[in-house]
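Just so we're on the same page, this note's numbering is the position in the sequence shown counted from 1, plus 2.
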Amino acid sequence: MLRRPSTVWPDARPEKSQSSLLLMTNSLVASLLGTLALIPGPQWNPRVGYVIAFCACFYTLVIFLTIVEMIGVRLFVRRNGWARARPYESAIMGHASYAWLLSGAGVATSSQVLQHIGPTRLSQAMSPLGISGTTAAIAFIGASFALGMAAFSLLSGFGFRALRFANRPTS
């Protein structure tokens, strides 16, 4: 396989159950990483209900955005006459879901950075853009989530583009 990878591709078969498990696992780990954003410091008094609710909302958001991406790719694939998306979409989305880890880590990191620099410094830094206060904090954390979301979209697009001629739809 390492010397002649092209000889292996005709025998490759995407396994839906394994790819779905990969997607769910990566989404769960991303939501757990995002939940680290709730840890403000050493005097943290956790409210378990809030932590579980935040983790569940983050997970639901990631799964929802993944489903939206699948629907968008199906429409794009159908419109361009590329390979049928159904057999491959689970495998491609499962492997593209590693980008959601970037979103989770980005949300956690940006919120920790925000806690260390303080909202006033961030507000001063973003004032030339006309953004201040809580809006600046939300924009900072949202931009880090959007980075992972864009990476996921790019990876899924690259995957479908690579397989565009794999199995032409019959007329």
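Even for Gly, the Cβ is constructed at its ideal location relative to N, Cα and C.
Quiz item: From what residue to what residue does the alpha helix (DSSP H) around Gly120 run?
Solution: Where Gly120 is concerned, there is no enclosing alpha helix (DSSP H), because DSSP gives it neither an H nor an E.
Quiz prompt | C-beta contact flag for Leu103 and Ala58 at 7 Å | solution = For Leu103 and Ala58, no; Cβs fall outside 7 Å.
Quiz item: Quick one: Cα of Ser134 to Cα of Leu124, how far?
Solution: Between Ser134 and Leu124, the C-alpha separation is close to 8 Å.
Exercise. Helix, strand or coil for Gly144, going by three-state DSSP, please let me know.
Key: For Gly144, the three-state secondary structure derived from DSSP is helix.
Exercise. Alpha carbon to alpha carbon, how far is Ala141 from Gly132? Give it in angstroms, no decimals.
Key: Straight-line Cα distance between these residues: approximately 12 Å.
Quiz item: What is the DSSP secondary structure of Leu104, counted as helix, strand or coil?
Solution: Shown here, Leu104 sits in a helix according to DSSP, grouped into three states.
Exercise. Write down the C-beta distance between Gly51 and Ala110 rounded to the nearest angstrom, noting that I regard them as a contact closer than 8 Å.
Key: About 20 Å separates the two Cβ atoms, so there is no contact after all.
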